[in-house]
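From first to last, the protein sequence lines stand for chains C and V.
Residue 110 is where the first sequence starts when you use the working numbering, and the numbers rise one by one after that.
Residue 2 is where the second sequence starts when you use the working numbering, and the numbers rise one by one after that.
Note that CB positions come from ideal geometry on N, CA and C, so glycine has one too.
To start, the structure itself, in structure tokens.
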Amino acid sequence: MNEKIRRITELALMTAIALIIFVLELQIPNLSPVAGIKLGLANIITVYAVYRYKWGEAALILFARVLLGAFFSSNPSALLYSLSGGLFCLSGMLLLKKIIPENRLWLCSVFGAVLHNMGQLTAASLIMRTAAVWFYLPPLLLSGCIAGALTGLAAQLVLQRTKKFK
Amino acid sequence: MKKAKKGLASAYILAGALFIAGALGTLLLLKPKKTDIVQVLRDDQVLYTVYISGEDDRFLKVEYGDSYNLLEIKDGKIRVSEAGCPDNTCVKMGWLSSSAPIVCLPNHLVIKYVSDYNGRDEVGIDAAAG
């Protein structure tokens, strides 16, 4: 099979899976009153992609999912926050990949989640021109660590099982 | 190899530190904080400054384009009781009770306690402003 077509199909499939996970998570009622505290299940695909594909390919999957996700969520004003969070998360994890080996992927995901939250807070404080939103950093750090470890662990399990399909 | 291991160890320590910092910060944030003055801001512009404990129970509608936030003042407390934004996070946050402000991202609204009418809520900032 043509290698290029195979690659594109695989990336498209990952994007579709990420989008489905994202839309499904929208249906889960938010347990916490604090904006931004959530599982971030679509992050499973992002972390997975960072370790399995080239950096550009991981970025394509993430940004395609974020853009398409904005259409599916009823909250288009959230796009800027998602983009900024995604950018922080992705660049951080791509750098950390050099330090953190594949079998400690969950650790990388913890940083990814925390950076995602920081990216969102940065966007929020710039858009609203106020530092008040940084009050939410502590609970977001806490939830980011927990959610990031869990989604990272899920990605790690998937990565181990899909390794044989090269 | 050795260098990579060192990096991994520091990554563990950093992750642990973030977790602990988050937990401690959250505990601090949960501590009730109450001054008598509440400010409602949009994009860092003060819309209202309310001396909350002396205020009669009433509603305050803040318009934002086609959207709005309905603020309820009752028994010296304030909350967003209704909002036209899609996520309604600000409503779910309930009564303002700690130093964590109520934030409505879609409508660019921030509601928080301040210590004096100029909106300076930290002694350090006061001193620096002279």
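Within the stretch 99-120 of chain V, the residues whose Cβ lies closer than 7 Å to any Cβ of chain C are, in chain order, S100, A101, P102, V104, L106, P107, H109, V111 and K113.
Remark: three or more beta-carbon pairs, one from each stretch, lie closer than 8 Å, so the stretch 235-243 of chain C and the stretch 89-106 of chain V are flagged as touching. DSSP places I79 (chain V) inside the beta strand (DSSP E), whose first and last residues are K78 to A84. If you look at N108 (chain V), you'll find it isn't in any beta strand (DSSP E); DSSP assigns it neither H nor E. In this structure, the beta-carbon distance from K6 (chain V) to S99 (chain V) does not fall below 7 Å. With respect to the C-alpha of V143 (chain C), the residue from C:L259, C:P247 and C:L203 having the closest C-alpha is C:P247.
Counted as a single uninterrupted DSSP element, the beta strand (DSSP E) harbouring S68 (chain V) occupies residues S68 to K75.
Taking 9 Å as the cut-off between beta carbons, the residues of the stretch 36-65 of chain V near chain C are L42, R43, D44, D45 and Q46, in sequence order. In the DSSP assignment, K113 (chain C) falls within the alpha helix (DSSP H) that extends over E112 to Q136. Within the same chain, and ignoring the five residues on either side of A173 (chain C) in sequence, the residues whose Cβ sits closer than 7 Å to its Cβ are T124. For I38 (chain V), the uninterrupted beta strand (DSSP E) run begins and ends at I38 to R43, by DSSP. By the criterion of at least three beta-carbon pairs nearer than 8 Å, the stretch 17-28 of chain V is in contact with the stretch 250-262 of chain C. Taking 7 Å as the cut-off, the Cβ atoms of F131 (chain C) and A151 (chain C) count as close. Per DSSP, T239 (chain C) lies in no beta strand (DSSP E) segment and is marked neither H nor E.
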